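See structure below.
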Amino acid sequence: MHLLSQCSRWKQLVFQVLLWTALITMYQYIVTETEGSAGDTKPTTHYSMFQDVHVMIFIGFALKLAPHVRSVYHLSATVMVAVFAAIFFIPNFWLWTALLTEHAAESETWQRVSIGVDVLVNADFCAGAVLISFGALIGRVSIVQLLVIAAFEVVFYSINMALVYGRFAAADIGGTMVIHLFGAYFGLTVSLLLDRTPERRAKRAGK
C-alpha cells in the first residue's frame with residue numbers, strides 16, 4: 010500500500026511538472042505586457058484591488074480549505090491552494106481576453122494578448138471560481154483529476170463571463186453570478202456526474 014501511494018505521488022508530481030512547463034511555454038509565446046501611456050493612472054488605481062484579491066485567493070481560500078485538504082490529501086492547504094491558484098491564474102490571461110474582445114476573430118495577423126492589472130484581477134477571480142468548485146470535489150477525486158477538471162472549468166468560466174458581461178451586459182455586483190454561482194454549480198454538476206459512473210454506483214450499493 011505504501012509503494013502504491015508513493016507511485017501515485019510521483020505520477021502527480023510528473024503531471025504537475027508537465028502542466029507547469031506547458032503553461033509557462035504558452036505564457037511566453039502568447040502574452041505580452043500592456044504598454045501604458047504617461048497619463049494613464051489605471052494601473053495605480055487598480056493595483057490595490059489586485060493586492061486585496063490576491064491575498065483573498067492565496068491566503069483566504071487556503072485557510073478555508075485547510076481542514077479538508079489536510080485530512081484528505083495530507084498536504085498543506087497553503088501549498089495546494091497556491092499551486093492551483095497559480096496554475097489557473099496564467100491561462101485565464103488569454104482565455105478571458107481573447108473571448109471578450111474576440112481577439113482571434115478580428116485580427117488578421119497573430120498578435121500577442123496584452124495583460125494589465127485589470128486582467129490580473131480577473132484572472133484571480135477565475136482562480137477563485139475554481140477553488141469554490143473544489144468545495145464539492147475535495148475527497149471525491151485525486152489531485153490530478155482536480156487539475157484536469159479545473160482546466161476545463163477555466164474554459165467554461167471564460168465563456169460564461171463573455172456571455173454575462175459581453176452579450177447580455179449584465180450588472181454582476183460582487184461577481185455573484187460569474188464567480189460564486191458558477192463555481193458552486195460547476196462543482197456540484199461535476200460531483201453529480203461522478204456519482205453516475207458504474208464504480209460509484211457499485212460502491213454505494215455495497216454500503
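Numbering of the sequence shown is given in our numbering, commencing with residue 10 and proceeding in unit increments. Glycine included, each C-beta is placed from N, C-alpha and C at the ideal position. In this text, all values refer to a predicted model and were calculated from it rather than measured experimentally.
Assuming residue i is part of the alpha helix (DSSP H), what are its boundary residues?
i	result
Val164	Ile152 to Met170
Thr198	Phe191 to Asp204
Val128	Val126 to Ser142
The beta strand (DSSP E) spanning residue i covers which residue range?
i	result
Val173	Run containing Val173: none; DSSP gives neither H nor E here.
Thr41	Val40 to Glu42
Count the other CB atoms, across all protein chains shown, that sit within 10 Å of the CB of residue i; report buried if there are 16 or more and exposed otherwise.
i	result
Ile152	buried
Ser167	buried
Glu42	exposed
Ala171	buried
Ala159	buried
Val64	exposed
Phe195	buried
Val157	exposed
Met26	Inspection of the sequence shows that residue 26 is occupied by Val rather than by Met. Exposed, since its Cβ has fewer than 16 Cβ neighbours within 10 Å.
Leu39	Position check: residue 39 holds Ile in this sequence, whereas Leu was assumed. Counting Cβ neighbours within 10 Å, Ile39 comes out buried, since at least 16 surround it.
Leu62	First, the residue type needs correcting, since residue 62 is Val and not Leu in the sequence shown. Under this definition Val62 is a buried residue.
Ala70	Sequence inspection shows Phe at residue 70; the Ala mentioned does not correspond to that position. That one is buried.
Leu155	buried
Asn131	buried
Do residue j and residue i come within 7 Å of each other at the CB atom, strictly closer than that value?
i	j	result
Ile66	Gly137	yes
Phe59	Leu129	yes
Gly184	Phe134	yes
Asp127	His55	yes
Val173	Val187	yes
Ile182	His77	no
### Query
Is it a yes or a no for the segment 188 to 202 touching the segment 139 to 156, going by three-plus beta-carbon pairs under 8 Å?
Enough Cβ pairs lie closer than 8 Å, so yes.
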